[in-house]
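Participant: Quick one: this structure, given as structure tokens, is what I'll be asking you about.
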Amino acid sequence: MKKKVIAGLVLGALLVYLSARGIQFQGVADGFRTIRYGYALPILAAMFLMQVLRSFRWGLILNPIEKVDQLSLFSVTSVGFLAIIAIPARLGELARPYLITKKSHIPMSSALGTIFVERVLDSLTILIIAVFVLFFTPLPPWLVRSSVLFLLLTLALFIMMVLMIVKRETSLRILSPLIGKLPARYADWINRLIYHFIEGFRIMVDPVLLISVGGLSIMIWLVDILAIYLLFLAFGFQLPVVAAFVLMIILIIGIAIPTAPGFIGNWHYFCILGLSIFGIPKTDALTFAIIYHFLSIGIVIVLGLIFLPFNRFSVSDLRRQARSDTKLHSKG
244 MKKKVIAGLV LGALLVYLSA RGIQFQGVAD GFRTIRYGYA LPILAAMFLM
294 QVLRSFRWGL ILNPIEKVDQ LSLFSVTSVG FLAIIAIPAR LGELARPYLI
344 TKKSHIPMSS ALGTIFVERV LDSLTILIIA VFVLFFTPLP PWLVRSSVLF
394 LLLTLALFIM MVLMIVKRET SLRILSPLIG KLPARYADWI NRLIYHFIEG
444 FRIMVDPVLL ISVGGLSIMI WLVDILAIYL LFLAFGFQLP VVAAFVLMII
494 LIIGIAIPTA PGFIGNWHYF CILGLSIFGI PKTDALTFAI IYHFLSIGIV
544 IVLGLIFLPF NRFSVSDLRR QARSDTKLHS KG
């Protein structure tokens with residue numbers, strides 16, 4: 244784990260260097276003075292709305308397992324996203340599943356399964372928007388190729404999740420020869436872990452809930468595109484709405500790379516890369532990246548800190564809960 248953290252920090256530092264290389268910092272300072280800061284409030288409102296929609300969507304995904312009140316969902320979502328930016332090596336992704344187990348009877352492994360569902364549905368949503376965008380503007384060839392590969396992988400995962408929840412016992416039997424090679428106590432633990440993880444996929448066989456979650460996913464990413472476009476206006480960039488979508492896609496790819504806490508380095512580098520497609524000079528792009536990062540991370544930190552006193556946890560507790568989870572929940 245320490246090696247992964249160090250590797251992430253080194254990669255983050257490299258991306259910071261690449262982002263700042265050749266930059267005239269006086270130009271960055273001048274850029275800060277010319278921004279129309281009146282756009283900050285609607286941008287922050289859009290980012291806040293995204294968090295509300297995310298928490299509501301997660302509640303729908305959890306519904307087939309157990310209904311959780313909206314305040315608890317928003318509270319856990321806020322602290323969970325704070326953990327994602329604060330804890331290195333993507334360990335923060337475990338915070339939401341861990342915290343929701345403290346406010347419900349949902350096993351952590353099942354909650355983790357719902358996060359996996361979220362990620363797959365997000366990917367499908369973005370790709371659907373990408374297909375729509377292709378009707379209006381040609382995307383860079385490398386982005387189209389990456390999207391096609393991503394679509395095939397996502398569809399495969401989607402189909403796999405449906406099959407696993409419909410044929411859960413069959414799925415476990417298929418995996419049993421591999422699991423059976425482990426010592427008995429570990430094999431039993433992993434069997435229960437997989438069983439409860441698949442439980443998180445239950446929404447996949449509820450068409451009404453699945454359509455509702457899909458609609459919310461589209462809303463979330465359209466609000467994200469709106470926030471980026473408003474920031475374009477704040478900077479005076481004469482760019483089409485589709486540029487906000489392309490930048491969003493490239494940023495999603497970029498921040499998926501485990502680097503330093505807070506996405507420092509990869510956020511800025513990939514933001515510059517995305518804006519370069521539309522001819523934005525590197526100095527202006529870096530200024531944009533700094534402000535966009537500050538607003539995005541800032542609202543996550545503020546919301547996370549507000550709800551942190553009600554959702555206290557430590558990395559060691561998180562790891563311990565992950566290990567003991569299936570001991571506390573038997574099948575059914």
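Numbered continuously in my numbering, the sequence shown closes out at residue 575. All C-beta atoms in this analysis are idealised placements derived from N, C-alpha and C, irrespective of residue type, glycine included.
Check the C-beta distance from L482 over to Y535 and give it rounded, since I have them as a contact under 8 angstroms.
Facilitator: As a first step, residue 482 must be located in the sequence shown, where it is residue number 239. As a first step, residue 535 must be located in the sequence shown, where it is residue number 292. At roughly 14 angstroms, the Cβ-Cβ gap does not stay under 8 angstroms, so L482 and Y535 are not in contact.
Participant: Here's the rule: buried if 16 or more other CB atoms are within 10 angstroms of the residue's CB, otherwise exposed. What is A326?
Facilitator: On the sequence shown, position 83 is the one that residue 326 refers to. The residue is buried, with at least 16 neighbouring Cβ atoms inside 10 Å.
Participant: In this structure, how does DSSP classify L579 when only helix, strand and coil are distinguished?
Facilitator: Outside the displayed range of the chain (244 to 575) lies residue 579, so it cannot be described from this structure.
Participant: So F513 and L494 are in contact, right, with Cβ under 8 angstroms, and what is the actual spacing, rounded?
Facilitator: Working through the sequence shown from its first residue, we reach residue 513 at position 270. Working through the sequence shown from its first residue, we reach residue 494 at position 251. Going by Cβ atoms, the distance from F513 to L494 rounds to 5 angstroms, so yes, they are a contact pair.
Participant: What are the boundary residues of the alpha helix (DSSP H) that includes F375?
Facilitator: As a working mapping, residue 375 is identified with position 132 in the sequence shown. Its alpha helix (DSSP H) spans residues 351-377.
Participant: If you measure between the beta carbons of L252 and T413, is that distance less than 9 angstroms?
Facilitator: Reading the sequence shown from its first residue, position 9 is the one you call residue 252. Reading the sequence shown from its first residue, position 170 is the one you call residue 413. No, the Cβ-Cβ distance between L252 and T413 is not below 9 angstroms.
Participant: Using C-beta distances below 8 angstroms, list every residue in its chain close to I286, excluding the 5 sequence neighbours before and after it, in chain order.
Facilitator: Against the sequence shown, residue 286 aligns to sequence position 43. Correct list, in chain order: A470, L473, L474, A477, L538.
Participant: Please return the same chain residues whose Cβ sits closer than 8 angstroms to the Cβ of T380, not counting the five positions on each side in sequence.
Facilitator: Translated into the one-based positions of the sequence shown, residue 380 becomes position 137. Within the same chain, T380 has close Cβ partners P483, V485.
Participant: Any idea if V543 is buried or exposed, counting beta-carbon neighbours within 10 angstroms, 16 or more meaning buried?
Facilitator: Position 300 of the sequence shown, counted from the first residue, corresponds to residue 543. Flag for V543 reads buried.
Participant: T397 by DSSP, collapsed to three states: which one?
Facilitator: One-based indexing of the sequence shown puts residue 397 at position 154. Helix.
Participant: Any idea what DSSP makes of K346, helix, strand or coil?
Facilitator: For the purposes of this step, residue 346 is taken as residue 103 along the sequence shown, with counting starting at 1. DSSP places K346 in coil when its eight states are reduced to three.
Participant: Nearest to L305 by CA position, among T357, L516, G522, P383, is which residue?
Facilitator: To locate residue 305, count along the sequence shown from 1; it is residue 62. With distances taken between Cα atoms, L305 lies closest to T357.
Participant: To the nearest angstrom, how far is the alpha carbon of F488 from that of G541?
Facilitator: Stepping through the sequence shown from its first residue, residue 488 is reached at position 245. Stepping through the sequence shown from its first residue, residue 541 is reached at position 298. Distance between the alpha carbons of F488 and G541: 22 angstroms.
Participant: Do three or more CB pairs link the segment 405-420 to the segment 316-330 at distances below 8 angstroms?
Facilitator: Touching, no, given that fewer than three Cβ pairs across the two stretches are closer than 8 angstroms.
Participant: With a CB to CB cut of under 6 angstroms and the five nearest residues on each side skipped, what residues in its chain are close to F506?
Facilitator: For the purposes of this step, residue 506 is taken as the residue at position 263 of the sequence shown. Excluding residues within five positions, the ones whose Cβ falls inside 6 angstroms are I498.
Participant: Taking 6 angstroms as the limit between beta carbons, can you name the residues of its chain near S353, skipping five residues before and five after?
Facilitator: Mapped onto the sequence shown, residue 353 falls at position 110. The answer, listed in chain order, is I308, H439, E442, G443.
Participant: Secondary structure at E309, three-state DSSP: helix, strand or coil?
Facilitator: The residue you call residue 309 lines up with position 66 of the sequence shown. Coil, per DSSP.
Participant: Using a threshold of 9 angstroms, state whether the C-beta atoms of F324 and L546 are closer than that.
Facilitator: Indexing the sequence shown from 1 puts residue 324 at position 81. Indexing the sequence shown from 1 puts residue 546 at position 303. Yes, the pair counts as a contact, with Cβ atoms nearer than the cut-off.
Participant: In its own chain, which residues sit with a C-beta less than 7 angstroms from the C-beta of D365, not counting the 5 before and 5 after it?
Facilitator: As a working note, residue 365 is residue 122 in the sequence shown. S460, listed in sequence order.
Participant: Would you mind sorting H511 into buried or exposed? The rule is 16 or more other CB atoms within 10 Å of its CB.
Facilitator: For the purposes of this step, residue 511 is taken as the residue at position 268 of the sequence shown. Result: buried.
Participant: Confirm the yes/no value for this check: CB of G251, any heavy atom of the ligand ATP, distance under 8 angstroms.
Facilitator: In the structure on display, the ligand ATP does not appear, and there are no ligands present to speak of.
Participant: So is D312 buried or exposed if we call it buried at 16+ other beta carbons inside 10 Å?
Facilitator: Locating residue 312 in the sequence shown gives position 69, counting from the first residue. Exposed.
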